Every structure is written in structure tokens, then in C-alpha cells.
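**Student:** In case it helps, this note's numbering puts the sequence shown at residues 247 to 961. Positions of the beta carbon are idealized from the N, C-alpha and C atoms, including for glycine. Just so it is clear, the structure is predicted and the values come from calculations on it, not from any experiment.
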Amino acid sequence: MSSAFTNLHESLQQVLAQRLDWTELREVQERAYTAVAAGKDVLVIAPTAGGKSEAALIPVMDDILKHGRMGVACLYISPLKALINDQEDRFREFCIPTSLTVMKWHGDVPKGDRCWKDGEPPHFLMITPESLEVLLQEKTLSQDLRRVRTVIIDELHAFVESERGVQLKVLLSQLDRITKHPVQRIGLSATTGNPEEVLRWMSDDRHGSELVAIPAPPRDKQFRFIVEDDEDKRIDALVDIVRGRKALVFVNSRSVAEKLMRSASGRIRNLHIHHSSLSLATRKESEEAFSSQDGACIICTSTLELGIDIGDLDVVVQVGPPNSVSSFLQRLGRSGRRDKAAYVAWLLKDPCEVLCSVAIIECAMNKKVEPLTPLKKPYNVLVQQLFLYLFRHARASRRQLVTSVLSHSAFSGIRPEMLDRIVTYLIEQGYLTPDGEMVMLGETAEREFGRSNWKDLYSLISGGGEYRAVTPDGEMVGRLDARFVNSHNDGEISLGGQGWSMIKCDEGHNLVVVVPSSSATSGIFWTGSEIGYSLLVCRQVQVIHARGESSLPLTDDDDEMLRTAVSRIPAGIGRTGLHIRERKGERGIAVTVYSLNGIRFNRFLTLLLQHRLGSKAQMRYNDFMIRILRLGKGGAGERVATALREVQEMEPEEIGSLLPPPPSEGWKFARALPGPAFCEMALSDHYHGEEFRELLREMTVTVLPIPLPLPGKEP
Numbered sequence: 247m248s249s250a251f252t253n254l255h256e257s258l259q260q261v262l263a264q265r266l267d268w269t270e271l272r273e274v275q276e277r278a279y280t281a282v283a284a285g286k287d288v289l290v291i292a293p294t295a296g297g298k299s300e301a302a303l304i305p306v307m308d309d310i311l312k313h314g315r316m317g318v319a320c321l322y323i324s325p326l327k328a329l330i331n332d333q334e335d336r337f338r339e340f341c342i343p344t345s346l347t348v349m350k351w352h353g354d355v356p357k358g359d360r361c362w363k364d365g366e367p368p369h370f371l372m373i374t375p376e377s378l379e380v381l382l383q384e385k386t387l388s389q390d391l392r393r394v395r396t397v398i399i400d401e402l403h404a405f406v407e408s409e410r411g412v413q414l415k416v417l418l419s420q421l422d423r424i425t426k427h428p429v430q431r432i433g434l435s436a437t438t439g440n441p442e443e444v445l446r447w448m449s450d451d452r453h454g455s456e457l458v459a460i461p462a463p464p465r466d467k468q469f470r471f472i473v474e475d476d477e478d479k480r481i482d483a484l485v486d487i488v489r490g491r492k493a494l495v496f497v498n499s500r501s502v503a504e505k506l507m508r509s510a511s512g513r514i515r516n517l518h519i520h521h522s523s524l525s526l527a528t529r530k531e532s533e534e535a536f537s538s539q540d541g542a543c544i545i546c547t548s549t550l551e552l553g554i555d556i557g558d559l560d561v562v563v564q565v566g567p568p569n570s571v572s573s574f575l576q577r578l579g580r581s582g583r584r585d586k587a588a589y590v591a592w593l594l595k596d597p598c599e600v601l602c603s604v605a606i607i608e609c610a611m612n613k614k615v616e617p618l619t620p621l622k623k624p625y626n627v628l629v630q631q632l633f634l635y636l637f638r639h640a641r642a643s644r645r646q647l648v649t650s651v652l653s654h655s656a657f658s659g660i661r662p663e664m665l666d667r668i669v670t671y672l673i674e675q676g677y678l679t680p681d682g683e684m685v686m687l688g689e690t691a692e693r694e695f696g697r698s699n700w701k702d703l704y705s706l707i708s709g710g711g712e713y714r715a716v717t718p719d720g721e722m723v724g725r726l727d728a729r730f731v732n733s734h735n736d737g738e739i740s741l742g743g744q745g746w747s748m749i750k751c752d753e754g755h756n757l758v759v760v761v762p763s764s765s766a767t768s769g770i771f772w773t774g775s776e777i778g779y780s781l782l783v784c785r786q787v788q789v790i791h792a793r794g795e796s797s798l799p800l801t802d803d804d805d806e807m808l809r810t811a812v813s814r815i816p817a818g819i820g821r822t823g824l825h826i827r828e829r830k831g832e833r834g835i836a837v838t839v840y841s842l843n844g845i846r847f848n849r850f851l852t853l854l855l856q857h858r859l860g861s862k863a864q865m866r867y868n869d870f871m872i873r874i875l876r877l878g879k880g881g882a883g884e885r886v887a888t889a890l891r892e893v894q895e896m897e898p899e900e901i902g903s904l905l906p907p908p909p910s911e912g913w914k915f916a917r918a919l920p921g922p923a924f925c926e927m928a929l930s931d932h933y934h935g936e937e938f939r940e941l942l943r944e945m946t947v948t949v950l951p952i953p954l955p956l957p958g959k960e961p
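#1: Let's see if you can read the secondary structure: which residues bound the beta strand (DSSP E) around residue 840?
#2: Determine the burial state of residue 647: buried for a count of at least 16 other Cβ atoms within 10 Å of its Cβ, exposed for fewer.
#3: Under three-state DSSP, which class holds residue 568?
#4: Going residue by residue through the region 830–896, where are the continuous alpha helix (DSSP H) segments of at least 4 residues, counting only ones entirely within it?
#5: Bridge partners for residue 748 per DSSP, in chain order?
#6: Report the residue from 694, 696, 633, 637 whose alpha carbon sits nearest the alpha carbon of residue 665.
#7: Under 8 angstroms between the Cβ atoms of residue 452 and residue 428?
#8: If you draw a straight line from the C-alpha of residue 256 to the C-alpha of residue 275, how long is it?
#9: Between which two residues does the alpha helix (DSSP H) carrying residue 609 extend?
#10: Could you check where the beta strand (DSSP E) with residue 467 kicks off and where it finishes?
#11: If you follow the alpha helix (DSSP H) that residue 270 is part of, which residue opens it and which one closes it?
#12: By DSSP, does residue 700 sit in helix, in strand, or in coil?
#13: Considering only their Cβ atoms, is the gap separating residue 383 from residue 641 smaller than 8 angstroms?
#14: What did DSSP end up calling residue 322 once you bin it into helix, strand or coil?
#15: Closest by CA to residue 944, which one among 923, 817, 890?
#16: CB of residue 387 to nearest heavy atom of the ligand MN: below 7 angstroms?
#17: Can you confirm whether the region 405–419 touches the region 736–745 when touching is taken to mean that 3 or more C-beta pairs between the two stretches lie within less than 8 angstroms?
#18: Do the region 698–708 and the region 475–491 touch if we need at least three Cβ pairs shorter than 8 angstroms?
#19: Express the C-alpha separation of residue 772 and residue 922 in angstroms, rounding to a whole number.
#20: Using three-state DSSP, classify residue 402 as helix, strand or coil.
#21: Any idea if residue 797 is buried or exposed, counting beta-carbon neighbours within 10 angstroms, 16 or more meaning buried?
#22: According to DSSP, is residue 962 helix, strand or coil?
#23: Measure the CB-CB distance between residue 403 and residue 435 and report whether it falls below 8 angstroms.
#24: For the 8 angstroms Cβ check, are there 3 or more pairs between the region 714–721 and the region 681–697?
#25: Given a cut-off of 8 angstroms on the beta-carbon distance, is the pair residue 602 and residue 567 in contact?
#26: According to DSSP, simplified to helix, strand and coil, what is residue 713?
#27: Quick one: residues in its chain with C-beta nearer than 7 angstroms to the C-beta of residue 555, no 5 flanking neighbours on either side, listed in chain order?
#28: Would you say residue 687 and residue 563 are within 8 angstroms of each other, going by their C-beta atoms?
Structural data, given as C-alpha cells:
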């Protein structure tokens, strides 16, 4: 019996023994208990279903029970409301027998239930960052957060690289101020490539911290590649794979999910769909489908990667390769529980997808996962927090804004002069109104963000690009992309596996009224940036090409597919660097830059090369190469090489001046930023300019020999 188990409060021991038949803790829980009991901030990394939730909950419950703590002792913060709903039952199963109380608080909870009687706050409060922001504005209820001792942050990796992560760090800092002591932070996460850095990001080096990382135990895995270039045959293959099984079918976009749902409807029993633009009721119905004893199949995007428990699965189907190793590991973790082999069927359309899939599996086998990079210039969040501070305090001096807002560690990379320039701009634009030495919220801020008691300030999620689709009775169906709504003429759509007719569009309220339709078969799209494969995946493709084969035990057919894909990349390309190939084609001289660095990097490089090569050059790019036409007749390859070396030497200021600013709609408070600040933010956190420049500068530029003409062909 483990020493940690015997040290637990007696009532907690009884719960674990009677309800879970436990007499000892797993390694992850034992190690987490020791670290949490020592008062350290702890990051727990373990595979899906590896016991992370219990690793955080057990030591916190033990502390509350042993010390008789009253009030809100622990906040559980989740990136998803659905994950809170899912975890609520697990928390209650542990807490209720020990007389500890649990409450959830988020936007889908009726407003009347988002409160507690005086003196009776719950021991555990389960909440999203946005709802915590709202709670902090409640003068009475927020006082009950003064006794918080611990924060559990679930799916921490979902926050690190986003603006919500910056907001989360501000909220954690505010909790430290409210409680007047450093609140202990426990992060739960899947595998990440830089866990120590993620721990530092979460903990802020306020006191001791510890990483508890438990590798996934060895287990049987079964992978099957099905390659069909014909779409109808791929649907046939999908039907065969999932027939009679409980299956998750992962796709890489909402549009593909809807298209696949239309194609598979009527052919797969108990078929459901799950993505972020569907209504809560539709998603909940999908999540509950696996409670059926019969087979069930959910077509989903990354929304079911996170820790929502959908029970045992027979198979995970991956339609096209995922864009990262991290996503693959999350999806793989959904299968193979309770001593069953993990089974992933890859439904692919060409040899290139086979190559990328093999690269992803090889990375996972070699324990290589993408690192997480926090934002460096979160000016958008800074404006949000500035407005929130003035909303709470009515007015403040510039000095107060620096000491109160800018002092949060989330803004440690922002200079006071930048805040001063932003405040000056906000005054000029009417967002702020000066009052002697003080400033307060102005008419422009009230007009743009003041609706419903300033509720738009609490969230960083911008809804301007989507319309709510509702029935005449007001029932929410889902969300539609504004560009799709404005460009769709016949009004017939398919959403969530059902046909609808759009009968009325209210642009003022971003609202579309829909009614059921039996004739709606048209596609649907949502606007989004190009994601492409991660740098890690692309680099592994380059390694496989240089090696000439995979380290996986492939079937003969799969190996032939892999070799076909590898052969399409010319010989002479090593494991790193940029390689240039010039050849004569039907449209004249074509130059290809083999840059196996992902679509984000190659998009950035294409923009800078266009400036060096001139507007006449025609350029296209993907994850693995940049193709350039109309460069003249002679020496085109060397011209491109020269241009690449010139780009390598560019200074950050020059790079920033050449990049087009991205659409500001992606940042909720961007219109309240001065132009230079917005461009600086975009260069840093949209284009990732610093990382791009460092990566590019370390690359060698090689011009491959011009291929000899085939016999009988003119050179």
C-alpha cells in the first residue's frame, strides 16, 4: 500500500476504496500528492485516461478535509464549458460522500444558479476564464474568493499559445492579490515538447515548482492505412471501418465534417457530428451517443481531442493526417483503454498523405512533440484589461494603470511607454475621456463594448465573423460564417447533419433565422487561417526523404505508397536547409524552393521573396515548397538563391515594414490599438517574426544541379 494513500484523510480513503476499489495510488497520483502537499506549483503531464484529474483532486481534497477549510478553497479552470459539465460528475463522486460541495459556473448555467447563499460558497468552483472574469466584477460573491488556496487548470496546453492564456495569467495574478498570498497552481496537460518552459509560464517562479511527467505505458497499437483517391470509395471504406463499432472520426475542419456527414448520412447507424459551431444541444447529443449499447459514430474536429469522457472506443478514424503530433497523441489516447489495443485507421487520399502520416507516427514513437510558445506582444489583451480596470474603478491615473495593469506577469514584455502610447491613442479616438490627471471610459468604448453592462469586455473571443442560426422559436442551431451567409444565394444549407433554409438575415444582430428543409444539400464553409502541418512534422518528412525509408513496419503496399511520395522530392535534399531546383517546363523556367518548414513559415518567406524578386514573379506555396514562375530565361535559380540570402540578412524593422497587416477582425480590441502597436503585435504573434528570422538564418541555401534533359528532348 502506498505511503500517500495511508496518509490520506480517512473519509477520502473510504471513498477511494469503496467507490473505485483503490487501496493505493498510481505513480502519477503519488508523485503529484507529494509535490502538492509540499506547497509547490505542479504541472502534471500524463496520457489521456492516465489519472491526471485524480492526481490534482486527491491532494486538494485531503488538504481541505484535514484542515476543515471553509468557502471556495479550490478553483477548477477549464478551457471548455463541456469539459466542466463532464468533470462535474467526477468531482461530485469524490466530494459528496465527504460532505465537500461542488458548483459549476459558466455561460450555459442558468443565471439564477450562478450564485450561492451568504456564507455558503462551494469548496470547489468549476469555471471558465471568461466566467471568472465576470465573477471578479461581483462585489459580494468575489469576496468569497479570498480563501482560495489552489487553482487546478485542466488542459493547460490549450491555453499557452492563445490570448485566453494571457487572460488566464492575469486572472491568476488577480487571485494572488485578492487572497494576499500566492495561490497554489496545478496544471494538467497532455504531452508537450517543452514541459519545463510551460511549467515556468504557469508558475511565474513565484515559489517552488515541480514537473510530474508520466510517460504513456507501452501498449499495443494497430495502425491501418486505407488510400483511395476516389471520394466515393473513401466513404465506402469509412462505412466498412465503423460498422457495428463505437468510433470517433476525426477531420481537420468544420467544413470537412459537414461534408462527410452529408455523404455518410443514412449509411452509418447512430451517426452524429460534433464541432465548435454547432449548438450545445447538438454537441451534447453527440457526446451522449456512446452511452448506447449499439455502435455509435461521431464525426468530429479537435473539439473531442480534449478530456471530455466519451467512454470506450473500438476505433479512431483519422480522415487525412492531423496537422501536429500533439493532436495525433490526443486522438490516439481516445482508443485502446481497458487493456485493448489502440486502433487508428487512417483514411487517406494520396501517397503524400501516407508520407505525412508516417512522419507523425515516427515523431510520436521517438517522443518528439511540438513545443508550446506563449504570446510575446499581447496588446489586444492589454486593452481589454485596461478597459476592465476602468470599468471596475471608474477612473484612474496613467501611473495607476501602469502599476495595476502592466504589473501582471502576463505583460512583463510590454514597456510602460507602449501603454502610454496606447492610452494617448484611446483618448484621441474617444475610447477614453480625460478628467484632469485621470482617465475614464469614453463614448466610443461605451458604444462598441458597453452593451448589457459591458459584457463584451469579459471575453477575448470575437463574434463579428459569425452569425447565430436560430429557428423562429429562438432555438439555437449553430453558428454560420458571415462570409458564407453573405455569399450564399439560394439559402439552402446543411448544418449538423440536417437541412435548413435561411429565411431571414439580421446583420445588425448577426442573426440568421432558419427552418428545416429536406432539399438542402449544399456545402458550407467557415473562414479560417491556413494551418498546415507543424514544423516538426515537415522536418520529419525531410528526414524520411533523406533516409529513403520509414522506420515503421509497413506493409508492402504502404511502403510502395511511401516510396512514391518520397520520389516526388528530388535527390540531393538533406535533412535540413533550403534547396533550389531550376528546370524548364511548358510555362517556361520554373524554380522550386524545397522548404520543408510548414505552411506558416513558407507563407512568410513567400511574402518577403516576392518583394526581392518583383511583382512579375508568380509564386505559390504549400507546406513543403515554394514554386516560382516568370523569372526570366537564364540563371533563375541563382537569382532566387541570392534573394533568399538577402532575406536572411533582413533586420526586423525591414521585415515588419514589408508584411501586410492581417485582418483586424481576428482581434476583438484591435480597432482600439494604434496602427504601429497592431503591426508590432501581428509581426510577433501572428507571423511569429522572431522565430521565423532565427529559423531562416540558421538554414543553408543550396542550388541543386539543373536536371539533364531527357533523351530526344531539347535542352
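**Tutor:** According to the structure shown:
#1: Looking at the DSSP string, the run of the beta strand (DSSP E) that includes residue 840 is 834–840.
#2: When all chains shown are included, residue 647 counts as buried.
#3: Coil, per DSSP.
#4: Runs of the alpha helix (DSSP H) lying entirely within the region 830–896, each at least 4 residues long, are 845–859, 882–894 in chain order.
#5: The beta-bridge partner set that DSSP reports for residue 748 consists of 760.
#6: Here the closest residue by C-alpha is 633.
#7: Remark: C-beta atoms of residue 452 and residue 428 approach each other more closely than 8 angstroms.
#8: Residue 256 and residue 275 have their alpha carbons spaced roughly 17 angstroms apart.
#9: Counting along the chain, the alpha helix (DSSP H) containing residue 609 begins and ends at 597–611.
#10: For residue 467, the enclosing beta strand (DSSP E) covers residues 467–473.
#11: Per DSSP, residue 270 is not a residue of any alpha helix (DSSP H), being assigned neither H nor E.
#12: In the three-state DSSP reduction, residue 700 falls in the helix class (H, G or I).
#13: No, these two residues do not count as a Cβ contact at 8 angstroms.
#14: Correct three-state label for residue 322: strand.
#15: Among 923, 817, 890, the Cα nearest to that of residue 944 belongs to 890.
#16: The ligand MN is not part of this structure, which contains no ligands at all.
#17: Segments in contact, no.
#18: Inter-segment contact for the region 698–708 and the region 475–491 is absent: fewer than three beta-carbon pairs are separated by less than 8 angstroms.
#19: Taking the straight line from one Cα to the other gives about 29 angstroms.
#20: Coil, per DSSP.
#21: Exposed, because fewer than 16 other Cβ atoms sit within 10 Å of the Cβ of residue 797.
#22: The structure shown has nothing for residue 962, since the chain only spans 247 to 961.
#23: Less than 8 angstroms divides the Cβ of residue 403 from the Cβ of residue 435.
#24: No, because fewer than three Cβ pairs between the region 714–721 and the region 681–697 fall closer than 8 angstroms, the two stretches do not touch.
#25: In this structure, residue 567 lies closer than 8 angstroms to residue 602 by Cβ.
#26: Of the three classes helix, strand and coil, the one that applies to residue 713 here is strand, per DSSP.
#27: The beta carbon of residue 555 sits closer than 7 angstroms to the beta carbons of 332 from its chain, once the five residues preceding and following it are set aside; these are given in chain order.
#28: No.
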